[in-house]
Structure formats: structure tokens, C-alpha cells
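*Asks:* Numbering (my numbering), first residue to last: 3 to 259. Dropping the structure in here first, questions after.
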């Protein structure tokens with residue numbers, strides 16, 4: 003799937019008038035052959051395809067990374083703080099995590115009760131007491147994780163910062179000191195299906211975060227290999243005409259047309 007040091011895709015095949023996958027003829031479109039709705043490319047394959055199989059893999063990768071971030075923070079200066087985590091199933095949350103949604107006592111007057119449950123950051127480190135009244139107790143950390151290419155950190159960080167504008171503004175209006183931090187992960191070079199180089203960029207030190215654990219995020223993004231294997235297999239199998247159960251990377255998954 004890689005040529006010239008790039009992840010081979012239909013957009014490149016179309017640009018260079020070359021065949022792609024099992025079609026011996028030159029590609030006639032830059033569109034993804036799996037979701038058939040978006041332009042193909044390395045970023046699309048690794049984080050943007052809307053096909054159900056890949057959306058599930060992206061979510062699994064994101065959730066695993068968020069769990070590792072929580073593990074790192076729990077061993078730092080903020081380890082004793084209560085945490086909300088919107089990653090994975092409620093029953094699979096680490097011990098000590100309060101839940102997946104922000105508590106009602108934290109809701110500022112400027113945000114309606116209807117909107118409040120929909121504001122769900124990846125991680126939120128809460129004050130040590132409910133409904134604090136002392137300014138020193140009204141400190142909150144909100145963390146989001148974004149996946150991007152090596153040239154797209156600034157754009158991804160901007161997108162993630164915009165994700166919780168309403169939440170951050172409402173909490174600050176209510177007198178909370180809010181630290182909104184974005185962790186961006188890149189997979190910046192892939193050579194074939196068996197090799198990848200990944201880095202983690204953390205712009206701010208979070209309470210003496212436990213870097214040895216944070217570095218395990220490198221292993222999380224290596225799950226890209228599974229994404230690439232699934233992409234290759236689905237490309238060879240061809241577009242589904244209806245829901246089908248196929249085996250990808252040892253697991254049975256349902257393909258949607």
C-alpha cells in the first residue's frame with residue numbers, strides 16, 4: 003500500500019494515472035473506494051473514512067489513548083482528583099472515574115439542562131468538592147485528544163479547542179479557573195504495512211504527568227496497522243451490496259454497503 007514513501011491511495015493513483023488495488027486499469031476517481039463519499043488520502047484512511055468498520059476502529063483507538071492519558075495523570079500531582087471520562091463503555095471505566103458525563107452540580111447558569119449532558123469532554127479533572135464556593139477550589143482541567151498528520155497539529159488543536167467553547171466559556175463565567183488542554187497524536191510516516199513511526203505532542207505539562215506511561219500512546223497509534231490491513235482487505239473484497247459478515251484481522255465484522 004505504500005509507494006515513494008507515501009501511503010498509497012486512490013487519490014495518488016488518480017493523480018499519477020496508475021492502477022489501484024486489484025483493478026488493473028488506471029484509477030478514474032480520487033474517491034475512497036470503501037466509503038465512496040470522500041476524497042481518498044492518508045489522512046482519510048487513518049482517521050476520516052466514514053465506513054462503519056473504520057469508524058469503530060478510530061473510536062477504539064481514541065478510547066484506548068484517553069485511558070492511557072488518565073493513567074498518566076493519575077500518577078501525577080492531580081492523581082487524587084475526581085475525573086470524568088468519555089471514552090468507552092461506562093462499565094469499562096477505570097476505578098475512581100465518576101462517569102462519562104459532567105455532574106449536574108457543575109452546570110453553570112448560562113448552560114441549559116438540556117444542553118449540559120451533551121457537553122462531554124474526553125477527560126475532565128474536577129474540583130475536590132461539589133459546588134465549591136472558594137475561588138481556590140474552583141479549578142478544572144479539560145483535556146481532549148486529537149489524531150492528525152505531522153503537518154496538521156495546529157489545525158487539529160484549533161478544531162479541538164473549538165469543540166468545547168460553550169462549556170469553557172460557561173464555566174469561566176461561573177467563576178471557575180478552566181485549563182483546556184489538547185493532546186495531538188500523529189502518525190507521520192508509514193512504510194508498508196509493517197512499519198510505522200509515531201510521536202506524541204503534549205503542549206503543556208499536566209501536574210507532573212507520568213511521562214513513562216504517556217509514551218505508551220505510541221503503541222496505541224500503532225493500531226493504524228490494523229486499520230491499513232482492514233482497508234486492504236475491504237478494497238480487495240470490493241464494495242458490499244448489502245450487510246455482510248467478513249473476517250478482518252482475525253475478527254468478524256459486519257460490512258455495510
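Don't be surprised by glycine CBs; every beta carbon is placed ideally from N, CA and C.
Alpha carbon to alpha carbon, how far is residue 187 from residue 60? Give it in angstroms, no decimals.
*Replies:* Taking the straight line joining both Cα atoms gives about 13 angstroms.
*Asks:* Which residues does DSSP pair with residue 127 in a beta bridge?
*Replies:* 85, 143
*Asks:* Rounded to a whole number of angstroms, what is the C-alpha to C-alpha distance between residue 135 and residue 141?
*Replies:* 11 angstroms
*Asks:* Secondary structure at residue 135, three-state DSSP: helix, strand or coil?
*Replies:* coil
*Asks:* Count the other CB atoms, across all protein chains shown, that sit within 10 Å of the CB of residue 55; report buried if there are 16 or more and exposed otherwise.
*Replies:* Buried, by the Cβ-count rule.
*Asks:* Can the beta-carbon of residue 124 be found closer than 8 angstroms to that of residue 146?
*Replies:* The Cβ atoms of residue 124 and residue 146 sit closer than 8 angstroms to each other.
*Asks:* Tell me whether residue 101 is buried or exposed, calling it buried when 16 or more other Cβ atoms sit within 10 Å of its Cβ.
*Replies:* exposed
*Asks:* If you run the structure through DSSP and keep just helix, strand and coil, what is residue 116?
*Replies:* coil
*Asks:* Residue 122 and residue 88 - do their beta-carbons sit closer together than 8 angstroms?
*Replies:* yes
*Asks:* Buried or exposed for residue 193, please, with buried defined as at least 16 other CB atoms from any protein chain shown within 10 angstroms of its CB.
*Replies:* Note that residue 193 scores a pLDDT of 31, beneath 50, so its modelled location is shaky; the value from the coordinates is reported in the next line. Result: exposed.
*Asks:* Please list, in chain order, all residues of the same chain as residue 158 whose beta carbon is under 7 angstroms from its beta carbon, the five residues on each side excluded.
*Replies:* Excluding residues up to 5 positions away in sequence, 148, 150, 186 lie with their Cβ nearer than 7 angstroms to the Cβ of residue 158 in the same chain.
*Asks:* By alpha-carbon positions, which one of 165, 22, 32, 184 ends up nearest to residue 155?
*Replies:* 184
*Asks:* Using 8 angstroms for Cβ pairs, my map puts residue 175 next to residue 112. What's the rounded Cβ distance?
*Replies:* 5 angstroms
*Asks:* Using the Cβ count rule (16 or more neighbours within 10 Å means buried), how would you classify residue 137?
*Replies:* exposed
*Asks:* Would you tell me roughly how many angstroms separate the C-alpha atoms of residue 68 and residue 90, rounded to the nearest one?
*Replies:* 9 angstroms
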